[in-house]
Structure formats: C-alpha cells, structure tokens
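J.: Sharing a structure below in structure tokens format, with a few things to ask.
Written out as structure tokens, the structure reads:
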C-alpha cells in the first residue's frame, strides 16, 4: 500500500527576492495595492510548505515553532502529465498567496471562485489555528499566469504585473470546524474577499449528486503546481489534466485506514512510478478544483510524496458531502459583513431604519442606517444579495402603490442606489428572498399572489429576473411565508410557513429545482405559534452555518430560535430572549 503524507499540503513558489514594504510602489501593470504587491512578492520568494514548516506556529505552544513532520516527508499536490490551458477555459481559477512577515512563512495554494467574493479551497491551506488570511493573505484572479515582479534599475520592487488579473485582499476565513490536520479529514475552507472580483464563478455540486462520483467519470483538475516529481519548479501558466474518478473500494484498498469514505474520494489512474507514466495533481495544486460538468466536485487534498509512487491515487475532499456547510459560508452576506446575520428594524414613530448586529449569542446596540436612504413609506423589507457582490441588499415594497424596489450598495463608490424591479405588487400577500431556490447558484425571489399561488422569479444575478414559474396554490392558508437560507443542512434554500388556523409551523424543504418540484412535501415542525405577531428569518444569526429564526411577541420581547439543520420538530434549539424593546418597530427584516 502506498504511504500517504502525514501532513498533506501545498508547496510555496520560490524564485524572487524577499522584499520589505518600505521599498514597494505601484508600477505599470500592477492591479494590486502596494501592500498586496509586497505580500505576493514575498510569498513567491518563500520556500515553505503549507502545513509543514519550522516557521509554522503551534497552537499548543502559544506561537513557538514546530519542526517538520517526523518522517521528513515533504507533502505534494501538483499536476503531472497535464497540459496548458487558459483562464478563458477556467475563468474561476484563483491563486492564493500567503506571507507572514513576522515569521517569514510564505506559501501558495489554488482555489475556485464560487461567488464574486468567495473562494472555495482546502482547509489545510486556510487552517485558522495557524494562518491569518485577512492580515497576511491575498488572492489573484482573472489570469492564467503567475504574477511577475517589476523592478526599477536599482533592483527595487516597483509593483507586480498580474497579466490582466487582479489581486484582492481577504476579509475573513472559514475552515471546516472538524478539520483534522493529522488525518486531513474535512479538508474544505472558504475565504471571503474584501470586494467582489470580475472572475466568472463556478458552481459547487449538489448534496444529492451521485453520478459525478461514479467510477470512470471523466473529471478535470486545474492548477499551477509542480509539473515533475524530480524538480520543485512549478508552472508559470495554468495547467489541467483529465482524471477518471476512482471507486471507493479501489481507493480504500489503496489507502486503507487513511481513506474516509464519504468525505474523500480518489481520481486518476494509478501512478506509474515516473513522470512519464503518471497523471496526477501535486504540490501547488492544493485547494484547487476537480470539475465535472461545469461544477466543482472535489478539492485537491492529499496524496503521496512527489505524487508518482507506483499504484497511488491523489485524494480529494468530496464537495457533495460538504456543500451543506460551505453553501452558508458562500451566501452569508449580512449588514455588518462579519458572517453573522443582522436584523433590520424601522421605528414606527420616526421612520428611522436601524440595524442591530448579531454578536453570535445576542443582538448588539442599534445603529441608524442613514446612508442607504429613507426607510419611510414602505410596508415590507427583505434582506438579500441579488447581485452577489458580498454586500447586503434590500427588497422594499412602497405602501402607496405596491411598487417593489431593489436597494443596493455600489462597492467602488460606497453609495446606495434604489431601483424599481416590479410594478404594483400591492396585492401580493408575501414577498420572500430565500436565496438560491432553483439550484443555479443565483439568488431568487418568491411571491404569493392574491389567489394564493406561489411564484418563483429566478434571479439573473444582476437584480433582474427570468420569467416567473408557478410552484403551487393554496398558500393563502398561511399568514407567514418566510425563509433566508438553508434550514436542513443540505445546501438548498428552504421555506418556513405558519398556518392561519392553528398557527402551526411547517417546513418546506427546498429541492434545488424550479416549478412544481421546488419544495418537498411540507413537514410540521411546531404547533400553535399564535403568541408571536412577527416572524423574521434574516439568515444565520449566530454564525454556525445554520439558518435561524426570530419571533416577536406583541409585548416586544424577541426570541432567537437557533437552527439545528434537522428537518423535524427539533429544527430549532430552545428559544433565547434577545431583548424586550422590539414593540417600537413596525418593519422588521
């Protein structure tokens, strides 16, 4: 049996001089800031291996260094036996550069743009126990070439040439809470960018996808990693290789106890022992995608040292298993942009709009929302992100005529624009912005008309919608229809509804389809919620990746029902009071 790596990782890319921030300035061809230019140049100069380096701080020693793996292995993840490709063929590819100037640690990983502000990658590239991506990381998108440092005649760095791409700061990071660096299990992560990028996103596969993992399915891996087992040189241009998916039995027989069925899978033909007889991912490809049918089905995770040991297969994190936890991280836009959903409130006396930002366990002090525009004259507000730019948008209905508006922030100018998107929806009894209902990774809008029919308006990702699709009738039996995100942990947007008679709560589990099959048969999850006059679903309030619900009593007491991802009567944890002063607000969203 081939011996796996004890700390499977991606290698950094060496070849430039270490540089200081003081000597950097933007030069022609640079699309990054001075700081990002220097950070990337230093990362390129480093020769560390992510997950295995003497410079890596140990969480158990409060920042002191650790030695490399005891067996001396240098883990790998590169494309050997592949061919050159272009960013046009893989516009969603991302380069992840990391350099910590306090330790000198620098490395490189791959990733996939899965929304304009989100990068899907491997947990061993992001591990929050060791790496601070907001402080030391940068992501380059929109190019198939590695950056080139630009120097003046005196050898001082004047900038970086990104060859048509752009460098972007990271605002926060997430890796799977059960990621294990020893077993490389649960090896998935998401980086949130400080601003949206121009790169075209790629979709993650669904939780119900089985056909993509059938043995023999042709898949393509992408990356800039090493191209030979005998050299540390990596590719200056993007490479790809076609790998057949390997059955779990074969993969398990090869890797024994190291293989975790359901969480991992193999792809490729058994390595032949040399570069000429092997096609596989290797160093520098870690975190990059394995793609089938235009969707990411795997994240490059681990393999054998130098990637060509006879009989070995590269191993990938199985995206279908993790889409339930990664999707909420991709769609976690909120007013404060910290990954925890906030509550919008309008004072009924003054018409002032406020936000009370989530602290994770409670709601913070209110803050007036004045830059966005007036909140007066509306009888409905829903939080959303119709253009997927990572900034919270709002859907508002004007009370006077029922016209519906989209209020959004322009990141480049930090200004707000309000645009009409629907005309005369005064008779619509419900308007809901639950997220992606149809399974195309774009946020949708739903409404219930006066006859009780539920309609889906498939979003185009730019604030406009395709032709509406009818789901079903009978929705006038409910006095509340709401939802924002995934209540069941499968990565699909769901709905919650309360009956007019009996005030019972039902779950309508999303299927990721449009039309009559959009939601599964309803499931009763609560009885007699008549004590509440307002229900609100802003999203994931406590930041655990599960959609939550807020319920207000007429007295003004508000309760948080934390989601559990269970499609049963245990869908919510025991309620927790988040305050008693909410009777003063007539509009909540």
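In this note's numbering, the protein residues as written are 25 to 613.
A virtual CB, placed ideally from N, CA and C, is assigned to each residue, including glycine.
Can you grab the Cα-Cα spacing for the pair residue 580 / residue 608, in whole Å?
T.: Looking up residue 580 in the chain shown gives position 556. Looking up residue 608 in the chain shown gives position 584. In a straight line, the C-alpha of residue 580 is about 8 angstroms away from that of residue 608.
J.: Give the secondary structure of residue 248 by DSSP, where H, G and I count as helix, E and B as strand, and everything else as coil.
T.: By 1-based counting over the chain shown, the position of residue 248 is 224. Here residue 248 sits in coil by DSSP.
J.: With 9 angstroms set as the bound, which would you pick, yes or no: does the beta-carbon of residue 443 sit closer than that to a beta-carbon of chain C?
T.: The displayed structure is made up of one protein chain only, and chain C is not part of it.
J.: Pop quiz: residue 432 and residue 411 are said to be a contact at Cβ under 8 angstroms. What is the actual Cβ separation, rounded to whole angstroms?
T.: Position 408 of the chain shown, counting from 1, holds the residue named residue 432. Position 387 of the chain shown, counting from 1, holds the residue named residue 411. So it is a contact: roughly 6 angstroms between Cβ atoms.
J.: Am I right that residue 137 and residue 158 are in contact with their C-beta atoms under 8 angstroms? What's the rounded C-beta distance?
T.: Position 113 of the chain shown, counted from the start, is the residue given in the question as residue 137. Position 134 of the chain shown, counted from the start, is the residue given in the question as residue 158. That pair is no contact at about 18 angstroms.
J.: Which of helix, strand or coil does DSSP assign to residue 208?
T.: Along the chain shown, one-based indexing puts residue 208 at 184. Coil, per DSSP.
J.: Beta-carbon within less than 6 angstroms of residue 513's beta-carbon, same chain only, minus the 5 sequence neighbours each way: which residues are those?
T.: Translated into the one-based positions of the chain shown, residue 513 becomes position 489. The residues are 348, 589.
J.: Taking just the CA atoms, how far does residue 121 sit from residue 79?
T.: Translated into positions along the chain shown, residue 79 becomes position 55. Translated into positions along the chain shown, residue 121 becomes position 97. Residue confidence is low: residue 79 scores 33 on pLDDT, short of 50, so the model does not pin down where it sits. Its coordinate-derived value is still stated next. Straight-line measurement puts the Cα of residue 121 at about 16 angstroms from the Cα of residue 79.
J.: Closest by CA to residue 446, which one among 422, 196, 427?
T.: For this step, residue 446 is matched to residue 422 along the chain shown. Here the closest residue by C-alpha is 427.
J.: Between which two residues does the beta strand (DSSP E) containing residue 136 stretch?
T.: If you number the chain shown from 1, residue 136 lands on position 112. For residue 136, the enclosing beta strand (DSSP E) starts and ends at 129–139.
J.: Leaving out the 5 sequence neighbours to the left and right, which residues in its chain are closer than 8 angstroms to residue 46 when beta-carbon positions are compared?
T.: On the chain shown, position 22 is the one that residue 46 refers to. Bear in mind that the predicted position of residue 46 carries a pLDDT of just 29, short of 50, making it unreliable; the figure below should be weighed with that in mind. For residue 46, where only same-chain residues beyond five positions count, there are no Cβ hits under 8 angstroms.
J.: Would you list the residues sitting across from residue 611 in a DSSP beta bridge?
T.: Along the chain shown, read from residue 1 onward, the residue named residue 611 stands at position 587. According to DSSP, which records beta bridges pairwise, residue 611 is partnered with 370.
J.: When DSSP labels each residue in this structure, what does residue 605 get in the three-state scheme?
T.: The residue given as residue 605 occupies position 581 in the chain shown. Residue 605 falls in the coil class under three-state DSSP.
J.: Is DSSP giving residue 313 helix, strand or coil here?
T.: Position 289 of the chain shown, counting from 1, holds the residue named residue 313. Residue 313 falls in the strand class under three-state DSSP.
J.: Taking only runs that begin and end inside the segment 442–497, name each unbroken beta strand (DSSP E) of 3 or more residues, in chain order.
T.: 454–459, 468–472, 478–481, 493–496
J.: Hey, how far is the Cα of residue 169 from the Cα of residue 70?
T.: By one-based count along the chain shown, residue 169 stands at place 145. By one-based count along the chain shown, residue 70 stands at place 46. The straight-line gap from Cα to Cα measures roughly 18 angstroms.
J.: What's the gap between the Cα of residue 262 and the Cα of residue 382?
T.: Here the question's residue 262 lines up with position 238 in the chain shown. Here the question's residue 382 lines up with position 358 in the chain shown. Going by the C-alpha atoms only, they are around 41 angstroms apart.
J.: On the CB-based measure, 16 or more other CB atoms within 10 Å of its CB, does residue 201 come out buried or exposed?
T.: As a first step, residue 201 must be located in the chain shown, where it is residue number 177. Classification for residue 201: exposed.
J.: Using the beta-carbon count (16 or more within 10 Å), is residue 595 buried or exposed?
T.: To locate residue 595, count along the chain shown from 1; it is residue 571. Its Cβ being crowded by 16 or more others within 10 Å, residue 595 is buried.
J.: Shortest alpha-carbon distance to residue 334 belongs to which of 279, 164, 375?
T.: Translated into the one-based positions of the chain shown, residue 334 becomes position 310. When each option's Cα is compared against that of residue 334, the closest is 279.
J.: Please list, in chain order, all residues of the same chain as residue 454 whose beta carbon is under 6 angstroms from its beta carbon, the five residues on each side excluded.
T.: For the purposes of this step, residue 454 is taken as residue 430 along the chain shown, with counting starting at 1. Cβ within range, chain order: 472, 505.
J.: Thinking just about the alpha-carbon of each residue, which of 516, 129, 391 is nearest to the one in residue 544?
T.: Reading the chain shown from its first residue, position 520 is the one you call residue 544. Measuring from the Cα of residue 544, the nearest candidate turns out to be 516.
J.: Report the three-state DSSP secondary structure of residue 225 (helix, strand or coil).
T.: The sequence position of residue 225 within the chain shown is 201, counting from 1. It is coil, neither helix nor strand.
J.: Have a look at residue 546 and residue 527 and give me their C-alpha separation to the nearest angstrom.
T.: Mapped onto the chain shown, residue 546 falls at position 522. Mapped onto the chain shown, residue 527 falls at position 503. Roughly 15 angstroms between the two C-alpha positions.
J.: Please classify residue 364 as buried or exposed, where buried requires at least 16 other C-beta atoms within 10 Å of its C-beta.
T.: As a first step, residue 364 must be located in the chain shown, where it is residue number 340. Of the residues assessed, residue 364 falls on the buried side of the cut-off, its CB having 16 or more other CB atoms within 10 angstroms.
J.: From residue 141 to residue 486, what does the alpha carbon distance come to, in whole angstroms?
T.: Position 117 of the chain shown holds residue 141. Position 462 of the chain shown holds residue 486. Straight-line Cα distance between these residues: approximately 15 angstroms.
J.: Do the CB positions of residue 320 and residue 230 come within less than 9 angstroms of each other?
T.: Taking the first residue of the chain shown as position 1, residue 320 is located at position 296. Taking the first residue of the chain shown as position 1, residue 230 is located at position 206. Taking 9 angstroms as the Cβ cut-off, residue 320 and residue 230 do not qualify as a contacting pair.
J.: So residue 495 packs on residue 479, CB below 8 angstroms; how close in whole Å?
T.: Along the chain shown, read from residue 1 onward, the residue named residue 495 stands at position 471. Along the chain shown, read from residue 1 onward, the residue named residue 479 stands at position 455. Between residue 495 and residue 479, the beta carbon gap of about 7 angstroms places them in contact (Cβ cut-off 8 angstroms).
J.: What first and last residue would you give for the alpha helix (DSSP H) that runs through residue 61?
T.: Along the chain shown, read from residue 1 onward, the residue named residue 61 stands at position 37. Bounds of the alpha helix (DSSP H) holding residue 61 are 58–69.
J.: Please report how far the alpha carbon of residue 38 lies from the alpha carbon of residue 569, in whole angstroms.
T.: Counting from one through the chain shown, the residue named residue 38 turns up at place 14. Counting from one through the chain shown, the residue named residue 569 turns up at place 545. Because residue 38 sits at a pLDDT of 32, beneath the cut-off of 50, its placement in the model cannot be relied upon, and the following sentence gives the value as read from the coordinates. Near 37 angstroms, if we compare the C-alpha coordinates of residue 569 and residue 38.
J.: In whole angstroms, what is the alpha-carbon distance linking residue 85 and residue 154?
T.: The residue you call residue 85 lines up with position 61 of the chain shown. The residue you call residue 154 lines up with position 130 of the chain shown. Only weak support exists for where residue 85 lies, its pLDDT of 29 falling under 50; the coordinates are left without a value.
J.: Can you pull the DSSP bridge partners for residue 515?
T.: Taking the first residue of the chain shown as 1, we reach residue 515 at position 491. DSSP lists no partner for residue 515.
J.: By Cβ distance below 7 angstroms, which residues in the same chain neighbour residue 492 in space, the five residues on each side in sequence not counted?
T.: Along the chain shown, one-based indexing puts residue 492 at 468. These residues qualify, in order along the chain: 479, 480, 481.
J.: Run through the segment 517–550 for me and flag every whole alpha helix (DSSP H) of 4 or more residues, listed as ranges in chain order.
T.: List check, alpha helix (DSSP H) in window: nothing returned.
J.: Find the nearest neighbour of residue 409 within the set 475, 391, 422, 483, judged by alpha-carbon distance.
T.: Your numbering for residue 409 matches position 385 in the chain shown. That would be 483, whose Cα lies nearest to the Cα of residue 409.
J.: Taking the alpha-carbon positions, what's the residue 226 to residue 139 distance?
T.: If you number the chain shown from 1, residue 226 lands on position 202. If you number the chain shown from 1, residue 139 lands on position 115. Approximately 7 angstroms between the Cα atoms of the pair.
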